[in-house]
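Heads up, the thing below is written out as structure tokens.
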Amino acid sequence: MKILSALYRIPYQNIVGDVGFYIYQQAYPFYAFALVLSTYGFPVIISKLLAELKEERGAYTKAEIIFVSWVSLSIMSITLFISLFFGAGHIAGIMNDPMMVKSIQVVSFGFLFIPIVSVLKGLFQSEGDTIPTAVSQVAEQSVRVCFILLFAFIYYQYGLSLYEVSEGAFLGSVIGSVVSGAVLVFYYLKQRKIAKTPVISSLNIRRSFMPLMRMIIGQGLIFSITSLVLVFIQFMDAFLLYPLLSTSGLEVIEAKQWKGIYDRGQPLLQVGTSATIALSLTIVPLISKYKQQQNLKVVEKYSELTFRLSLMLGMAAAAGLFVMVDLVNKLLFTNASGSNALQILMISILFYSLMMTGMFVLQSLGNNMISILFICIGLIIKFILMIILIPKMQIVGAAISTTACFVVMALLVLVYVRKIIKKPMIIGKTFLVIVQSAFIMSVVLYVERLIFAIVMDPVSSDRLVLAFQVFTMVASGALVYLYYVIRRGVFSVEELALLPFGSKMAKFLPKDK
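Here the sequence shown stands for residues 4 to 516, where the numbers follow this note's numbering.
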């Protein structure tokens, strides 16, 4: 799902150009906000409440939880829809682009699907059945991506404006939400047992409605915060970057174009961190499990392993893309414009990976509120740096502000996790080996660049040849990096067994490991 969400932007940008990409990215954070709420936040708290019933720890009945969830989420989603649909003009005014109104209004319809998607996902997940959630999410993204690219192609072929292309693309996102809801309803009807509908007592509902509503909305939003970090960053860029670029001396079209160029970094950031986050999430449930059993030594062990894994993968992605970003930029987005800014942005992959890993660990240890504080501090720093740097440095200033934001959040999380667990999460020797590995990989990549520059025509714009160069460098860089990390004993045999292809990688371990 994450890969689909990141990769479709490449052909989309190729079709509509940087200005068209800017228009799409201005409204995209609103869609992403609705997606996170219905994917991570509310289904988690609903499934938690329903799962507690089985353990006889629940304070409410199943009927009460489902009814209150449906009603409270319906009120919230309709409120958000109305606010966004009728407030689109005001929002577009803040963005300094009145033409964005219709795109924002189309996106607002996505909020109407939050109740049905969240309640059904929570219901299935409380039973330990994650297949409906997985199928609905992949179906949603697949349909969404197909429709976005189809609308982009059709609208552009008929010579309509780039703003109309964006509206068609977001219509595809709404259709994806419809498909997601339909898939979940299909599974619900298919799996529903023939039984009497639970009786809902009006007296009990009156007593439990407000406490349950506060719990579902409040905790659902708290659970969502961690996954919304990147969305908040995109919101700040959508509201501030283009207006600030306009004050830096750029013409209107130029400012939109450079905002679109800067937005090329988003899919690279997503792809660069998706492996780290996915693998970290496989270990985080173990931390929760042993925390409940009060087995603090094992909690320490798995927390430290999660950070080590995050550091290893984040460093590899950040260093690799830092060296190759101009080639990747040209391959994916047709030219190398803005590569200096994107290079700075790629550094944030490392700190974003560490920050997200730390917040997952804090969440599994029951420390949600402190994560919100750290996010607020990071966003304030980004806001201040954007105001100061963008008028002077344009998108380079925006890249610095984002990277600094992630650096601060990562350091705060690392310090706080160490305070809780009373053990450093990143050991000096491990850090040194990973830095050495990244340095060796970077040297290999630079040597390969020189060889390719000698062998290939430097003026050639053949993307097929460029693709061969990029994939050759990625493969060789990854092999060199992994070999050195494993050979130096950063992971033990038992730890590698937790990872994909770990048994094969274990062959490269030194004999004493």
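The C-beta atom is built at its ideal place from N, Cα and C for all residues, glycine as well.
May I have the straight-line CA-CA distance separating residue i from residue j, to the nearest angstrom?
i, j, result
"Ser404", "Leu353", "15 Å"
"Lys426", "Glu303", "8 Å"
"Arg12", "Thr250", "28 Å"
"Val138", "Leu174", "21 Å"
"Tyr43", "Asn17", "31 Å"
"Val410", "Tyr355", "8 Å"
"Thr229", "Met362", "7 Å"
"Ala142", "Phe189", "13 Å"
"Ile443", "Leu316", "15 Å"
"Lys292", "Lys124", "22 Å"
"Leu388", "Cys408", "9 Å"
"Ile225", "Tyr449", "44 Å"
"Pro101", "His93", "9 Å"
"Leu482", "Thr309", "21 Å"
"Gln297", "Leu368", "11 Å"
"Arg267", "Val177", "23 Å"
"Ser445", "Leu357", "21 Å"
"Gly184", "Ala37", "14 Å"
"Gly96", "Pro246", "10 Å"
"Ser479", "Leu485", "10 Å"
"Tyr27", "Tyr161", "18 Å"
"Val181", "Met396", "42 Å"
"Gln140", "Val148", "12 Å"
"Met349", "Gln194", "45 Å"
"Val301", "Val496", "17 Å"
"Phe242", "Leu499", "44 Å"
"Ser80", "Lys294", "35 Å"
"Phe455", "Arg466", "14 Å"
"Val493", "Ile290", "20 Å"
"Ile220", "Ser72", "9 Å"
"Leu299", "Arg421", "13 Å"
"Ile390", "Val19", "29 Å"
"Phe156", "Leu253", "29 Å"
"Ala35", "Leu115", "14 Å"
"Pro14", "Leu233", "22 Å"
Let's test the definition: count the other Cβ atoms within 10 Å of the Cβ of residue i and tell me whether it reaches 16, buried, or not, exposed.
i, result
"Arg217", "exposed"
"Asn338", "exposed"
"Ala198", "Per-residue confidence for Ala198 stands at a pLDDT of 40, beneath the threshold of 50, marking its modelled position as unreliable; the derived number appears in the next sentence. Burial call: exposed."
"Asp240", "buried"
"Glu307", "buried"
"Pro214", "exposed"
"Val399", "buried"
"Thr133", "exposed"
"Ile256", "exposed"
"Gly113", "buried"
"Leu165", "buried"
"Gly323", "buried"
"Gly23", "buried"
"Arg311", "buried"
"Gly223", "buried"
"Phe336", "buried"
Please list, in chain order, all residues of the same chain as residue i whose beta carbon is under 8 Å from its beta carbon, the five residues on each side excluded.
i, result
"Ser340", "Asp21, Ile264 and Asn332"
"Ile373", "Leu365 and Tyr419"
"Gln144", "Met4, Leu7, Ser8 and Gly179"
"Ile380", "Val411, Met412 and Leu415"
"Met318", "Leu353, Ile437, Val438, Ser440 and Ala441"
Between which residues of its own chain and residue i is the CB-CB distance below 6 Å, once the five residues before and five after are set aside?
i, result
"Thr200", "Confidence is the limiting factor: at Thr200 the pLDDT is only 45, short of 50, which leaves the residue's position unreliable, though a coordinate-based value still follows. For Thr200, where only same-chain residues beyond five positions count, there are no Cβ hits under 6 Å."
"Ile280", "Met359"
"Gly171", "Phe154 and Tyr158"
"Val326", "Ser445 and Leu448"
"Ile423", "none"
"Arg491", "Val436"
"Val274", "Ala9"
"Ala321", "Met349, Ile350, Ile352 and Leu353"
Can you find the residues in the same chain that come closer than 7 Å, C-beta to C-beta, to residue i, ignoring five residues on each side of it along the sequence?
i, result
"Phe377", "Met412, Leu415 and Val416"
"Ala30", "Met103, Ser106, Ile107, Val110, Ser169 and Phe173"
"Val473", "Met327, Leu330, Val331 and Leu334"
"Leu53", "Lys65, Ile68, Gly125, Leu126 and Ser129"
Would you say residue i lies against chain C (beta-carbon separation less than 8 Å)?
i, result
"Thr406", "Checking the listed chains, one finds no chain C in this structure; it contains a single protein chain."
Does the region 115-134 come close enough to the region 33-53 to have 3 or more Cβ pairs within less than 8 Å? yes
Mind the definition here: the region 104-112 touches the region 84-92 only if three or more C-beta pairs lie below 8 Å; say whether that holds.
yes
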